[in-house]
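Shown next, in structure tokens, is the structure this report addresses.
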Amino acid sequence: MSISDETKFPGKEAYGDVFDQREPIQEQDVFSDEDSHDIQYKTLSWQFTALLMISEIVSNGMLSLPNAMAAVGIVPALILTIFLGIFGLFTAKLLVDFKLNHPGVHNMGDAGYVLFGPIGREILSAGTIVFAIFAAGAELLSGQQALSTLSDNGLCAVWLVIIFAGATFLLTLPRTLGQLSWLGFGSVALIFFCGLLAMVGAGLNPVPGRVVQATVPTTFYEAFLAITGPVFAYAGHFMFFILISEMRKPQDAMKAAWCLQGFATVFYSVFSVVVYVYLGSTVASPALFSLPPIWAKATFGIGLGNFLMTGALCVHTAAKLVFIRFFRHTRHVYSHTALGWLVWVALCLGGTAAACILAIAVPIFSDLIGIAAALFAAWYTYGLAGFFWLHDVYHLQGGARALRRRWLGTVLAVLTILAGAFICVAGTWVSIKVGFLSCAPLGVRLLGGGVQLIVDAYKAGVVGKPFTC
């Protein structure tokens, strides 16, 4: 039986009597498309939804892929990149089906309520907010690196982060994603030309005597550390429910997912191979730092717009989740009320400020991003999709008997959950270990607890100070 067969579900209305009564708020679409409303949410076409998905996912994450390829070799890295693209498409299919069966699910917190009740809602809501803020902080750091490169470090890095955060905040203010859709188009164009120019720059400036290997012998720790780049380069599913909720035709969401995964997989594969082949095993992460200064400036300058848009989307996601939690099905969602705008602006400002403070006040923030990705993105992108399938087959198709009858789908769902758990545990371990080692002096070894290593690293003076250039 094909995967597509395994993931087809009938509409919820066909199984109204057996539907879980815990989820009354999920029965009604979170947004009404009535023409009388001042603020119209359901305006996205599937094409613009695809552009926003690509803008959010294909961002600075791609810049670490050549370095990952240098660590494990072309063949394993390429196989993993393609496999994860297909796996991401499969989990996107499960997520889209779950959304269509539960029209009122607006975000991962709502999905957590359907699956696990109130506790699930709070955990997945908090995880979405934390991950979105951390992702926004990563984009602020990328923006700062781009501005520092363009200005030859002419201004303190802290001020550059603050300036970039201010521009990000302004882009978060539109209340609907439809108002950001054309910016999504520009963002995708910029990251595409950024990657294209980087490949041209690498081709015209190859590293003499470079080492290029098909496979590289390595340990499990080193290999998994390297592949965290490809694993989390597809980490954008936490935003999918929010995007689909603002589509005119949510049933077209899989068209957007096909465009996203197809573009990302091909682009990632070509970019990482070309850059690695020309720059070799010494390629940096981000890869743009391995280019000659003039090429680095050109590519960073083009990619700057994408970093800005992606950061704004991440903050918008966190703000939208909390805003809908406060005002679901009230006039503050659909009308230009003073309270609605006051809360919305405050949420956008608070999210941007939190990302900014993390980026400039936490010296080991880049290591914490890896930990956050392992803890949350592993589940949002991969593992939770298995729970979505099992829940809907059980509740909408006839209980345990349906799970046994559709045994192939059940096996795939369980394997998806296990894959998410493995990526979460292994990714967290690797991220913590590399974070502690990167900030520890050469004489420090992993003999004590992680907290002690951080204390020792601070005492040794190898960790930077907050709010310093």
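Each residue of the sequence shown is one higher than the last, beginning at 1 in full-length UniProt numbering. Note that beta-carbon positions come from the ideal geometry of N, C-alpha and C, so glycine has one too.
When only Cα atoms are considered, I360 and I369 end up about 13 Å apart. Setting aside the 5 residues that flank it on each side, L124 is surrounded in the same chain by M108, G109, G112, each with a C-beta closer than 6 Å to its C-beta; the list follows chain order. When secondary structure is reduced to three states using DSSP, L173 falls in the coil class, being assigned neither helix nor strand. Put simply, the backbone Cα of A373 is about 31 Å away from that of V333. Annotation: R406 to V414 spans about 12 Å, alpha carbon to alpha carbon. Ranked by Cα distance from L100, the first of W159, V72, S59, S245 is S245. If you draw a straight line from the Cα of V114 to the Cα of D392, it is about 10 Å long. Fewer than three pairs of CB atoms, one per stretch, sit closer than 8 Å, so the segment 87-102 makes no contact with the segment 305-312. Per DSSP, reduced to three states, the secondary structure at L147 is helical.
The residue from V212, M247, A346, I357 with its alpha-carbon nearest to that of S32 is M247. Sequence-distant partners of A167 (beyond 5 residues in either direction) whose C-beta falls short of 7 Å from its own C-beta, in its chain, are L308. L243 and I57 have their alpha carbons spaced roughly 13 Å apart.
Between P208 and L84, the C-beta gap is not smaller than 9 Å, which leaves the two residues out of contact. If you check the CB distance, A378 and C314 do not come in under 9 Å. In the structure shown, L44 falls within a strand segment according to DSSP collapsed to helix, strand and coil.
Within the segment 155-224, the complete alpha helix (DSSP H) segments at least 4 residues long are 157-172, 181-204, listed from N- to C-terminus. Rounded to whole angstroms, the separation of the alpha carbons of P103 and F116 is 17 Å.
Minimum Cα-Cα distance from A421 among the listed residues A385, K255, L403 corresponds to A385. Annotation: T219 to G280 spans about 20 Å, alpha carbon to alpha carbon. In this structure, V216 keeps its C-beta atom at 9 Å or more from the C-beta atom of T282. In the DSSP assignment, M247 forms a beta bridge with L44. When C-beta atoms of the segment 271-280 are compared with those of the segment 73-92, three or more pairs fall below 8 Å, so the two segments count as touching.
Within its own chain, the residues whose Cβ lies closer than 7 Å to the Cβ of F169, once the five positions on either side in sequence are excluded, are C348, L349, T352, listed in chain order. Contiguous alpha helix (DSSP H) elements confined to the segment 103-131 occur at 108-116, taking only those with 4 or more residues. In the displayed model, Q28 falls within coil according to three-state DSSP, outside both helix and strand. For G280, there is no enclosing alpha helix (DSSP H), as DSSP marks it with neither H nor E.
For C348, the enclosing alpha helix (DSSP H) has its first and last residue at 338-361. Looking at the backbone, the Cα of H106 and that of L65 are separated by about 32 Å. Counting along the chain, no alpha helix (DSSP H) covers Y234, and no H or E run does either.
Measuring C-alpha to C-alpha distances from Q47 to each of F300, L260, G195 identifies L260 as the nearest. Looking from the CA of I357, the closest CA among Q145, A50, A165 belongs to A165.
Exclusion of the five residues before and after H37 leaves Y334, S335 as the residues of its chain whose Cβ lies within less than 8 Å of its Cβ.
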